[in-house]
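These notes are about the structure you will find just below.
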Amino acid sequence: MAAELKFITWSLIMLLTITAFYTDHRKMIIPNRLTFGGIIIGLAWHGVSSGWAGLQYALLGMLASMGFMLLIYLCRGVEAGDVKFFAALGAIGGFEIGAAGMFYSLIIAGAAGIILLLHRRLRTGRGKGSGHERVQFPFMYAVLPGMICSFIMLEVPL
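This is the structure:
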């Protein structure tokens, strides 16, 4: 991918991510118009800029990213908006960026969950719990830093 295309791709990704973070933080929802808009922009942009190969790239990224997040959704680990967000992310950035974003976001979410669970146990003074305690927070709290890690680890030129 040429440097200009990478810059545009990452600009779109960060705009999508920051907007989703804001709406998830404020309203606990990632709007369909944002996720479906991201999917349409990703498919159209890759289709126009690279023809059929670009459209295939965007479709593969969208379906693969959505598929992996759908598995986590079925285990009740994320909400539907998160699945659609990663579909849009995959359509814009392809599977490499979608997979990297998922990887770092899940690591950060896991660490945050452990910290929140430990904090809860220390605050309540309970030793062992029932083992069925759920720690919930908007997944976008982990996705934004996860995408920043992806940006750094994929060595995106500025």
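Here the sequence shown is numbered in the numbering used here, starting from 996 and rising by one per residue. Backbone N, C-alpha and C fix where the C-beta goes; we use that ideal spot for every residue, glycine too.
Cβ shell of G1042 (< 6 Å), same chain only, five flanking positions each side left out = Excluding its 5 nearest sequence neighbours in each direction, G1042 has C-beta neighbours in its own chain below 6 Å: G1049, L1050, listed in chain order.
Report back the beta-carbon spacing between T1004 and F1080 to the nearest angstrom; my notes put them in contact at under 8 Å.
-> Cβ atoms of T1004 and F1080 stay farther apart than 8 Å, at about 16 Å.
Secondary structure of I1147, DSSP reduced to three states = Residue state, collapsed to three classes: helix.
With DSSP as the reference, label R1021 as helix, strand or coil.
-> Look at R1021 here: in three-state DSSP terms it is helix.
Whose C-alpha, out of R1071, I1008, F1098, L1055, is nearest the C-alpha of L938?
-> With the chain covering only 996 through 1153, there is no way to say anything about residue 938.
F1080, DSSP secondary structure in three states = Three-state DSSP puts F1080 in a helix.
Just curious, the alpha helix (DSSP H) that F1031 is in, first and last residue?
-> Run containing F1031: 1027 to 1069, per the alpha helix (DSSP H) assignment.
How would you call I1035, buried or exposed, if buried means at least 16 neighbouring beta carbons within 10 angstroms?
-> With fewer than 16 Cβ atoms within 10 Å of its Cβ, I1035 is classed as exposed.
Do you know offhand how far M1061's Cα is from H1114's?
-> Approximately 32 Å, taken between the alpha carbons.
Taking the alpha-carbon positions, what's the A1039 to A1053 distance?
-> For A1039 and A1053, the distance between alpha carbons rounds to 9 Å.
In terms of alpha-carbon separation, which member of K1022, S1045, E1091, F1016 lies closest to G1056?
-> The option with the nearest alpha carbon to G1056 is E1091.
May I have the straight-line CA-CA distance separating R1138 from M1023, to the nearest angstrom?
-> In the sequence under discussion, the amino acid at residue 1138 is Val, which differs from the Arg named in the question. When only Cα atoms are considered, V1138 and M1023 end up about 14 Å apart.
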